[in-house]
Structure formats: C-alpha cells, structure tokens
Amino acid sequence: MKITKASVSITSPGRNFVTLKIETDEGIYGLGDGTLNGRELAVAAYLTEHVAPCLIGRDPFQTEDIWQYLYRGAYWRRGPVSMSAIAAVDVALWDIKGKALNTPVYNLLGGRSRDGVLVYAHANGADIDKALDDVARHIDLGYLAVRAQSGIPGLASTYGVPKGGQPYEPAEKGLPKESLWSTEKYLRHVPKLFAKLRDQCGEEVHLLHDCHHRLTPIEAARLGKDLEPYRLFWLEDPTPAELQENFRLIRQHTTTPLAVGEVFNSIWDAQDLIRSQWIDYIRMSIVHAGGLTHMKKVADFAALYNVRTGCHGATDLSPVTMAAALHFGLAVHNFGIQEHMPHTTETDAVFPHHYSFKGGYMHPGDAPGLGVDLDEALAAKYPYQRAYLPINRKLDGTLFDW
Ligand code: GCO
Ligand code: MG
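Residues in the sequence shown are numbered consecutively from 5, following the numbering used here.
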C-alpha cells in the first residue's frame, strides 16, 4: 500500500479544527487531528508546506519509521507545532492500518485492557452554589468523576467558568480578551468549594480540580494540604511545569494526587516528573504529543514509575483525537482517567463517530480504524475564524498565567 495524497482542511463548527486526510492507492484513507488552539494555521502550514510532500509514495504501515523521519529528519525537534503535525500524520496512519486490517485501533495497541474508559466531566458555576448544582447535574447524567471550577468572589471572570450560562469554551473570537487574577482570593475560596462538594456528593464520586498553572510551588503545596480532607482524585497543573523540580517541593508537603502535562509535547518534558514520582497522572494528549506512537512510549515509561495516564480531552481537541484517546485508554495497562468535554452538536455532525458514553465510561466502538469520519461538505460550510485563548493579568496589571 502507498500514500497517494495528504491534504489539510480547517473547519470551524463553533471552534476551529485542523484535520489531515491521508489517502492511499488502495482507496483506504485515514484522519488525523492537528488542532493547536489559537495557533491552528501554523500547524496547517507546517503540514501542507513541509510534511505532505514527504509522505507521497510511502508505506502507511511504517508508523515508527515515518514518525522518526518527521521527528529526527526535520533536525529541529519538539515544540507544539511540530509535534501536533507529527501527531496528525501518525494518527491518520494508525487509522489506515486499522481499516486495512479490518480491526479497531485498540487491537493494534495491545487489545482491550478494560471494558470501558473512565471519563471525567467538567462542572462549573459562577459561585459555589451554582457549581454544586452543576456537579449534581453531571452525576445525574451518569458521570462517576467530575472536575469542579467556580467563580471567585471579587474576580470578574476566571478560567473554567463560562459567562451567560453558555457551555465553557476557552477560545474566544477576535483578539485575546484579558482578565484579572488574585492568587490570594483563589486560595481562600477553593477549599470552601470542595468542603461543600464532598459533603454534597458523599465519598464515592471522584472530584477533580484544575489550577491551570497559576500557583507557585509553595502556594500549590498549601492548596494541596488544604484539600486533603476532601480526597481529590487529582489537583491539575498546580504550577507551570517548565521547571519540573517545582513538583518536588509540592510533593514534600501534600498527599493530594497531582496531574500535569496538557501543554507538554514530548516525553522529555515529563522525564524528571515521572522518574522522580513527583506526579500521579501524566496528561499529555495524543494530538499535542506526537500521536499514538509517541504516547505509547510515554505510557510505558510512566508505568515503570506508577504514574497513570489522564489524557487531555478539552473541546479544542477534535473528535479524531477523542477517538484516538479512547482506543489508547482502552488498551494501555496504566490508564488512569480520560477527560471528556462533549463537543457541540455541530462538531459531532461534522465528525460522525462511533464512540459513546454510558454510566461514567466511554468506549471507542468496534469499527475498523479509529471509527471517526469527516463530512467534508458540511465541514466546508464552517470556514476558519480567528480565535485566541484569553490573557490573565494580576490586579496590578502584571502579565500572568491564564
Ligand atoms: C483542560 C484544559 C483546557 C485548556 C484548553 C486550552 O484541563 O481541559 O486546561 O481547558 O485550557 O485546552 O486550549
Ligand atoms: Mg487543564
């Protein structure tokens, strides 16, 4: 089998998605996601201008060799744009392999290790009471694990909490919006939210929280300690993680489990975190971390150190990545949990798929390959729209982490 064509499309059924379609001389094609929120066109150009021409004539079964060709062969390594582009190719090739062998991708990754993929939902509210209601609503929908974020008194807006009752969507049309931040107000507020939540939900429900990289290590250590009585499943991205040693300090002070990695793009970003057992869950996503070929290596390395997977799954990762993450989550032994932010009905219509949710678990379905398609005619009705993630500043105007 030979690759005959590789083409990129961008569609915006509510938000932007970059999709790579790889076609073969046997009529089988595969899909890969290359969406990088707020920087979509960079990945699209990288794929169209620099990667697609190199793929023509290659054997799509050579997932490892093609991965190395694009990673080592470029000379310039890592980085979110390159690694998302490599992921788009890699996932499309696994899709082709599955279709050619007439088997779902999970069978090529080791086969089923479990019956379903435990997922966590996003719940939020403008204040604690509204957040409590939204957590209860998600439990009623069948979720066994819920991430909770709430508005903070004295701050007009904050990460994870939508305005005007809309579903939460991080990117906003036009140039970046700015919001104001106070760590002091946040640290006073979050333990109150989880005290009430644990009381309302009882012991069984898994509760999670995302700090979104906004604390220093000692602040994160204090928050982790304050949250210990409420037995969180995890505390996510407590600090930025370019300096992996940040987590040593947090770890010395708290037994609250820690998750990190949604902005990482290679195993080297998490090397010390994993080897030193400073984290419990590695959150890299299939799309931003080089695809299934690289993520399988990340999971196997993490398994040696008791670290489990908890892949990023926000709405800015397309249904193609969601499908890939579910095949991966069904197969890898050290799976922990998968994030699930449902896409809009418009997005689901553009990407018809076989994955499903039932009783707190998702399943990728048993269709050959990934089990997700692209309705190209419908996709063409939603042209690209410029959108950015917001910017966060401290109350005195200093640029901060959003
Ligand atoms: C999460 C993430 C997202 C990111 C988003 C950025 O845990 O789901 O933090 O909400 O902010 O993916 O594009
Ligand atoms: Mg996050």
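Glycine included, every Cβ here is placed at the ideal spot set by N, Cα and C.
Because the structure is a prediction, the values reported are computed rather than measured.
Notebook entry, point to check: Between Phe268 and Ala293, which are expected to be in contact by the criterion C-beta below 8 Å, what is the C-beta distance as a whole number of angstroms?
Noted result: The Cβ separation is near 6 Å, so the contact holds.
Next item on the list: Would you mind working out which of Arg82, Lys103, Ala329, Ser88 sits nearest Pro372, comparing C-alpha positions?
Entry: Among Arg82, Lys103, Ala329, Ser88, the Cα nearest to that of Pro372 belongs to Lys103.
Next item on the list: Between the Cα of Tyr33 and those of Asp214, Leu374, Arg141, spot the shortest distance and give me the residue it belongs to.
Entry: Closest option to Tyr33, Cα to Cα, is Leu374.
Checklist line | Beta-carbon proximity check, Gly340 vs Leu148, cutoff 8 Å | finding: No. Outside cutoff.
Margin query: Is any non-hydrogen atom of the ligand GCO found closer than 7 Å to the C-beta of His292, if you look at the structure I gave you?
Written below: Distances from the CB of His292 to the heavy atoms of the ligand GCO are all 7 Å or more.
Checklist line | Residue from Asp214, Leu40, Asp144, Ile7 whose Cα sits closest to the Cα of Phe21 | finding: Nearest option by C-alpha distance: Leu40.
Margin query: Let me check understanding here. Comparing Cα to Cα, which of Glu208, Phe251, Val311 lies closest to Pro221?
Written below: For Pro221, the closest alpha carbon among the candidates Glu208, Phe251, Val311 is that of Phe251.
Next item on the list: Would you check whether the ligand MG has a heavy atom nearer than 7 Å to the C-beta of His216?
Entry: Taking the Cβ of His216 as the reference point, at least one heavy atom of the ligand MG falls within a distance shorter than 7 Å.
Note to self: Here's the rule I'm using: 16 or more other beta-carbon atoms within 10 Å means buried, otherwise exposed. How should Tyr79 be labelled?
What the structure shows: With fewer than 16 other Cβ atoms within 10 Å, it is exposed.
Notebook entry, point to check: From the beta carbon of Ala306, is the nearest beta carbon of chain D less than 8 Å away?
Noted result: Reference to chain D is not applicable here, since this structure consists of a single protein chain.
Check: Grouping DSSP H, G and I as helix and E and B as strand, with all else coil, what is His344?
Finding: Coil, per DSSP.
Next item on the list: Report the three-state DSSP secondary structure of Lys177 (helix, strand or coil).
Entry: If DSSP states are grouped into helix, strand and coil, Lys177 belongs with the strands.
Next item on the list: Answer yes or no: the CB of Asp405 versus the heavy atoms of the ligand MG, is any distance below 7 Å?
Entry: Closer than 7 Å to some heavy atom of the ligand MG: that does not describe the Cβ of Asp405.
Check: With distances taken between CB atoms, is the gap from Val150 to Ala130 smaller than 8 Å?
Finding: No, the pair does not count as a contact, with Cβ atoms beyond the cut-off.
Item checked: Gln389 (DSSP reduced to helix, strand or coil) -> When secondary structure is reduced to three states using DSSP, Gln389 falls in the coil class, being assigned neither helix nor strand.
Next item on the list: Leaving out five residues on either side along the sequence, give the residues of the same chain with a beta carbon under 6 Å from the beta carbon of Ser11.
Entry: Closer than 6 Å at the Cβ level, and outside the excluded window around Ser11, lie Lys25.
Next item on the list: Kindly give me the distance between the Cβ atoms of Tyr124 and Leu334, rounded to whole angstroms, as I take these residues to be in contact under 8 Å.
Entry: With a Cβ gap of about 16 Å, Tyr124 and Leu334 do not count as contacting.
Check: At which residue ranges does the region 121 to 166 contain complete beta strand (DSSP E) runs of 3 or more residues, listed in the order of the chain?
Finding: Runs found: 121 to 129, 149 to 154.
Note to self: Restricting to runs no shorter than 3 residues, where is the beta strand (DSSP E) found entirely within the region 176 to 244?
What the structure shows: DSSP runs (the beta strand (DSSP E)) wholly in the region 176 to 244: 182 to 185, 210 to 214, 238 to 240.
Checklist line | Residue closest to Tyr4, alpha-carbon to alpha-carbon, out of Thr8, Ile278, Tyr190 | finding: The question about residue 4 has no answer here: the residues shown for the chain are numbered 5 through 406.
Note to self: How far does the beta strand (DSSP E) with Asp284 in it extend, from its first residue to its last?
What the structure shows: Under the DSSP assignment, Asp284 falls outside any beta strand (DSSP E); it carries neither an H nor an E label.
Checklist line | Asp37 vs Val95 beta-carbon contact at 8 Å | finding: A Cβ-Cβ contact shorter than 8 Å links Asp37 with Val95.
Note to self: Please classify Glu182 as buried or exposed, where buried requires at least 16 other C-beta atoms within 10 Å of its C-beta.
What the structure shows: Looking at its Cβ environment, which holds fewer than 16 other Cβ atoms inside 10 Å, Glu182 is exposed.
Next item on the list: Let me know the secondary structure DSSP gives Pro84 once reduced to three states.
Entry: DSSP, read as helix, strand or coil, puts Pro84 in helix.
Checklist line | C-alpha distance - Gly168 paired with Phe237, whole-angstrom precision | finding: Each residue's CA atom was taken as its position, placing Gly168 and Phe237 some 29 Å apart.
Item checked: Asp241 CB to nearest heavy atom of the ligand HEM below 7 Å -> Questions concerning the ligand HEM fall outside what the structure shown contains, since the ligands it does hold are the ligand GCO and the ligand MG.
Next item on the list: Go ahead and pull the three-state DSSP assignment for Glu30.
Entry: If DSSP states are grouped into helix, strand and coil, Glu30 belongs with coil.
Check: Which partner residues of Tyr365 appear in the DSSP bridge assignment?
Finding: Looking at the DSSP output, Tyr365 shares a beta bridge with Leu122, Lys362.
Notebook entry, point to check: Would Gln275 be called buried (16 or more neighbouring beta carbons within 10 Å of its own) or exposed?
Noted result: It is exposed - the Cβ of Gln275 has fewer than 16 other Cβ atoms within 10 Å.
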